[in-house]
Structures are given as structure tokens and as C-alpha cells.
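Asker: With this note's numbering, the residue at position 54 of the sequence shown is 327, and numbering never jumps.
Ideal Cβ placement from N, Cα and C applies to all residues, glycine included.
Below is the structure I would like to discuss, written out as C-alpha cells.
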Amino acid sequence: MKENVWETFFDKHAPEYMQNIFTRGTKGEVEFLIEELDLKPGMKILDIGCGTGRHAVELAKHGCHVTGVDLSRGMLDEAEKAAGNAGVKLELIHCDATRFESEPVFDVAIILCEGAFSLYQPGQDPIAHDLAILKNANRALKPGGKFIMTALNAMKKIREYGPDDVASGKFDPLNLIEHYEMDYEDGGQKHSVKVCEKGYVALELKLLLRMAGFEVENIWGGTAGNWGRRQIDLDEYELMAVALKR
Numbered sequence: 274m275k276e277n278v279w280e281t282f283f284d285k286h287a288p289e290y291m292q293n294i295f296t297r298g299t300k301g302e303v304e305f306l307i308e309e310l311d312l313k314p315g316m317k318i319l320d321i322g323c324g325t326g327r328h329a330v331e332l333a334k335h336g337c338h339v340t341g342v343d344l345s346r347g348m349l350d351e352a353e354k355a356a357g358n359a360g361v362k363l364e365l366i367h368c369d370a371t372r373f374e375s376e377p378v379f380d381v382a383i384i385l386c387e388g389a390f391s392l393y394q395p396g397q398d399p400i401a402h403d404l405a406i407l408k409n410a411n412r413a414l415k416p417g418g419k420f421i422m423t424a425l426n427a428m429k430k431i432r433e434y435g436p437d438d439v440a441s442g443k444f445d446p447l448n449l450i451e452h453y454e455m456d457y458e459d460g461g462q463k464h465s466v467k468v469c470e471k472g473y474v475a476l477e478l479k480l481l482l483r484m485a486g487f488e489v490e491n492i493w494g495g496t497a498g499n500w501g502r503r504q505i506d507l508d509e510y511e512l513m514a515v516a517l518k519r
């Protein structure tokens with residue numbers, strides 16, 4: 274097993290990833306990004322946690338130059354195939370987002386659908402992990418560069434879990450972290466890895482973005498397939514933050 278359990282899972286899950294229901298709204302999501310970020314052909318976009326390239330490929334079709342970063346080589350292989358099938362080019366980098374380094378060359382950065390952000394191994398410091406990712410995104414942007422991200426909605430987790438879940442260790446109310454197992458198949462055999470996901474309330478996310486050097490413009494509801502300039506629903510999966518590099 275590889276050192277990072279999320280890498281292990283996504284390497285095995287990569288061929289099936291695009292079958293997930295939340296991937297069906299990709300084109301509409303990219304249309305939202307183009308409008309909200311005022312994207313023009315030729316702009317340089319950094320996609321952290323790009324996965325199978327579902328957003329990166331569509332943005333490249335729009336004429337943008339997209340660099341995708343992902344922990345999973347398997348996911349990047351799928352992104353490369355998707356780009357080839359679409360007749361576009363992507364720059365793909367196999368790297369842990371907490372260690373990614375770049376000069377400030379990008380016009381826009383995106384972190385979507387928990388692209389590395391808020392996904393942990395047991396025992397990791399969630400704030401140090403996510404702040405490192407945001408700081409790396411900030412350093413890669415030109416001054417005034419635009420940034421959009423989505424993060425898991427802690428309000429949903431708080432409303433979903435109760436005292437028994439806290440007692441069993443399934444939900445940590447101090448850090449707003451859910452503990453569970455992810456299943457995957459390898460060579461016809463089923464395996465599982467223990468993982469953690471952190472939820473964020475809007476004010477907490479705004480503070481973390483400020484610490485990373487961003488000026489937050491808006492925080493909206495950000496559940497995949499339902500992006501828009503709208504108020505957060507308490508029970509939706511994700512929040513969306515729109516920000517600028519100070």
C-alpha cells in the first residue's frame with residue numbers, strides 16, 4: 274500500500290470515477306466558471322486536485338491553458354486520455370497539493386469537488402494540511418488572480434450526526450471531521466482504506482482563505498451540479514468560495 278491512503282483509493286477508483294452521479298453536471302459547472310471568472314482564451318488556469326480532468330478538459334476546449342495537479346497517477350492517466358479524446362492538451366503534474374510549488378504565473382486557480390482540500394489520512398492536522406494547499410494556490414497566482422474552490426459543508430455533518438456517532442469516533446465535533454472507510458477493488462479482491470473528511474462552516478473557510486493571502490468576495494452554495502450565486506442550503510454537500518489574491 275502506498276503512503277497516502279487517498280492516493281491508493283483514487284489510483285484504483287480512477288477508471289470508474291466518471292460514473293459517479295456528481296460528474297454529470299460538468300459542462301454546466303464550467304459554463305459557470307467561465308462567466309464568474311470572466312475566462313478568456315489564452316488564460317492560464319491551475320486546477321489543483323484535477324482528478325480525471327473533467328473541468329480541465331472543458332476549460333481547455335474554451336482555449337485556456339490548463340495545468341492540472343493531482344496526487345493520483347491513476348486519475349492523471351484518465352485525464353490524459355480524456356484530453357486526447359477531446360483533442361486538447363493539458364499540462365499534468367503528479368504531486369501532493371500540500372507540496373506543490375510554482376512561480377506566480379497563473380491567472381486563475383481552482384480547487385473543486387474536494388480536489389485534495391479537506392481530504393486527510395487519520396492523524397493529520399487538518400488546518401495545517403488545508404492551509405498549505407491554499408498558500409500554494411495563492412503563491413501560484415499573479416497579483417489580483419482569481420480563485421474558486423468548493424469545500425464540504427460542516428452544517429450538513431452537524432445536522433446528520435448525533436451523540437452515538439461522536440462516541441463511536443465516526444464524527445469529531447471539535448474538528449468537524451468524519452471518519453469512515455472507502456472500498457475499492459484490486460485484482461478482483463475488495464479492499465478498504467480508513468480516511469477522514471473535514472467539513473467547513475463559511476466563517477471558518479473565510480478565515481483560512483484570509484490566512485493564505487486571499488480576499489474573499491463571496492461564499493455560496495457549491496454542491497456539484499448546482500452551482501450559482503445563491504445562499505447556502507444547510508443540508509447541501511458543499512460550499513463555494515470566490516476570492517482574489519491580495
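1. Comparing alpha-carbon positions, which option in Leu332, Asp508 and Thr496 lies nearest Ala514?
2. Asp508: buried (16+ other C-beta within 10 angstroms of its C-beta) or exposed?
3. For Gly418, does the count of other Cβ atoms within 10 angstroms reach 16, so buried, or fall short, so exposed?
4. Using beta-carbon positions only, say whether Ser465 and Asp456 come within less than 7 angstroms of one another.
5. Would Ile492 and Ala516 be called neighbours here (beta carbons separated by less than 7 angstroms)?
6. Can you check the region 429-470 for any alpha helix (DSSP H) of at least 4 residues that lies completely inside it and give the ranges in chain order?
7. Is the separation between the beta-carbon of Ala413 and that of Phe390 shorter than 7 angstroms?
8. So for Asp506, helix, strand or coil by DSSP?
9. Would you grab the beta carbon distance between Tyr393 and Leu425 for me? Rounded to a whole angstrom, and I think it's under 8 angstroms.
10. Quick one: Cα of Glu376 to Cα of Asn411, how far?
11. Nearest by alpha-carbon distance to Gly396: which of Val278, Lys518 and Arg519 is it?
12. Determine, using beta-carbon pairs with one atom in the region 312-328 and one in the region 350-360, whether at least three such pairs fall under 8 angstroms.
13. Any idea if Lys275 is buried or exposed, counting beta-carbon neighbours within 10 angstroms, 16 or more meaning buried?
14. Along the chain, where does the beta strand (DSSP E) that runs through His367 open and close?
15. Which residue's Cα is closest to the Cα of Arg297: Trp500, Cys337 and Ile384?
16. Identify the residues that DSSP records as bridge partners of Asp343: which are they?
17. In its own chain, which residues sit with a C-beta less than 6 angstroms from the C-beta of Glu308, not counting the 5 before and 5 after it?
18. Can you give me the C-alpha to C-alpha distance between Leu319 and Asp438, rounded to a whole angstrom?
Answerer: Put simply:
1. Counted from its first residue, the sequence shown places residue 514 at position 241. The shortest Cα separation from Ala514 among Leu332, Asp508 and Thr496 belongs to Thr496.
2. Taking the first residue of the sequence shown as position 1, residue 508 is located at position 235. Counting Cβ neighbours within 10 Å, Asp508 comes out exposed, since fewer than 16 surround it.
3. Within the sequence shown, residue 418 is the residue found at index 145, counting from 1. That one is buried.
4. Within the sequence shown, residue 465 is the residue found at index 192, counting from 1. Within the sequence shown, residue 456 is the residue found at index 183, counting from 1. Against a cut-off of 7 angstroms, the Cβ pair of Asp456 and Ser465 comes out as a contact.
5. The sequence position of residue 492 within the sequence shown is 219, counting from 1. The sequence position of residue 516 within the sequence shown is 243, counting from 1. Not closer than 7 angstroms, so no.
6. 436-441
7. Taking the sequence shown and counting its residues from 1, one reaches residue 413 at position 140. Taking the sequence shown and counting its residues from 1, one reaches residue 390 at position 117. No, the Cβ-Cβ distance between Ala413 and Phe390 is not below 7 angstroms.
8. Locating residue 506 in the sequence shown gives position 233, counting from the first residue. Correct three-state label for Asp506: coil.
9. Stepping through the sequence shown from its first residue, residue 393 is reached at position 120. Stepping through the sequence shown from its first residue, residue 425 is reached at position 152. About 11 angstroms; that fails the 8 angstroms criterion.
10. Within the sequence shown, numbered from 1, the residue matching residue 376 stands at position 103. Within the sequence shown, numbered from 1, the residue matching residue 411 stands at position 138. Approximately 10 angstroms, taken between the alpha carbons.
11. Sequence index remark: in the sequence shown, residue 396 carries index 123 (1-based). Ranking Val278, Lys518 and Arg519 by Cα distance to Gly396 puts Val278 first.
12. yes
13. Taking the sequence shown and counting its residues from 1, one reaches residue 275 at position 2. Low local confidence applies: a pLDDT of 47 at Lys275 is under 50, so the model's placement there is unreliable, and no value is given.
14. Along the sequence shown, one-based indexing puts residue 367 at 94. Residues Glu364 to His367.
15. Along the sequence shown, read from residue 1 onward, the residue named residue 297 stands at position 24. Minimum Cα distance to Arg297 is reached at Trp500.
16. The residue you call residue 343 lines up with position 70 of the sequence shown. According to DSSP, Asp343 bridges with His367.
17. Numbered from its first residue, the sequence shown carries residue 308 at position 35. Counting only Cβ-Cβ distances below 6 angstroms, and skipping sequence neighbours, we find nothing.
18. Looking up residue 319 in the sequence shown gives position 46. Looking up residue 438 in the sequence shown gives position 165. Near 37 angstroms, if we compare the C-alpha coordinates of Asp438 and Leu319.
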